[in-house]
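Asker:
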Ligand SMILES: [Zn+2]
């Protein structure tokens, strides 16, 4: 018996930015200041499923950390080798080399450097993070300290890796007395304004000053494999996706 085809919410046409801009719940979402979200002295641990999620989801928050005393740890869960399944140019081997280089350049553009920034790459298989979710949660527990602010992709973001990373972070935070902050990335694409599936009560907006937003945009552009067309195939991050992720605020679920 054939299985019922499942519509992948990420493949469907995305919600345009113009629709989000009329969203009453988004307009009514309370603001949060950088120092409320990340009190001085608290380490920020960003756990990114793929190289670029740390910039797309929280590049503004990261840029706001640059030059502060606070330590930042970036955990890159995979090297993002599955972003171009049908490409001859961007084959998995090439992407495994390229995408971490793009992340390094993007972090440099945000103004984050050693020793403030530490970076750990776990090298789990892109698109199969869920199969190592328990290991990931256990490993994160060995890294976390009480009081850390852990920023991960939202547990219901609509991409299997994003959700597995969110769940592993939530579990590790519970045990380690760290605080979880989740960010939506693909939800901007599949959700619709006032969507009841989004946790609006936990939502806060962190507004980005114009110079910070410009640095985030510059950092996103470092991810050439994602923002440039591959021959006749449109980029993974097409114009509308970038517009949604370059609003003058970052949405967080606390
Ligand atoms: Zn991702």
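In this note's numbering, the protein residues as written are 851 to 1104.
Here a beta-carbon is modelled for each residue, glycine too, at the ideal position from N, C-alpha and C.
Please read these numbers as outputs of a predicted model, since none were measured by experiment.
What residue ranges within the segment 885-969 form continuous beta strand (DSSP E) runs of no fewer than 3 residues, ordered along the chain?
Answerer: 894-898 and 922-928
Asker: From the DSSP output, in three-state form, read off residue 987 for me.
Answerer: helix
Asker: Going straight from the alpha carbon of residue 863 to that of residue 979, what length do you get?
Answerer: 25 Å
Asker: Might you give, ordered along the chain, the residues of its own chain that have their beta carbon closer than 6 Å to the beta carbon of residue 941, omitting 5 neighbours on each side?
Answerer: none
Asker: From residue 892 to residue 949, what distance separates their C-alpha atoms?
Answerer: 29 Å
Asker: Within 7 Å (strictly less), CB to CB, does residue 882 reach chain D?
Answerer: The chain inventory of the structure shown lacks chain D, comprising one protein chain alone.
Asker: Out of 936, 1012 and 1052, which one is the CA nearest neighbour of residue 981?
Answerer: 1012
Asker: Taking its Cβ as the centre, do 16 or more other Cβ atoms sit within 10 Å of residue 871, making it buried, or is it exposed?
Answerer: exposed
Asker: How should residue 875 be labelled, buried or exposed, when 16 other C-beta atoms within 10 angstroms of its C-beta is the threshold for buried?
Answerer: Exposed: under 16 other Cβ atoms inside 10 Å.
Asker: Distance check for residue 969 and residue 921, CA to CA, integer angstroms please.
Answerer: 11 Å
Asker: Identify, in the order they occur along the chain, each residue of the same chain with its Cβ nearer than 6 Å to the Cβ of residue 997, setting aside the five sequence neighbours on each side.
Answerer: 892
Asker: DSSP state of residue 975, grouped into three classes?
Answerer: coil
Asker: Let's test the definition: count the other Cβ atoms within 10 Å of the Cβ of residue 1091 and tell me whether it reaches 16, buried, or not, exposed.
Answerer: buried
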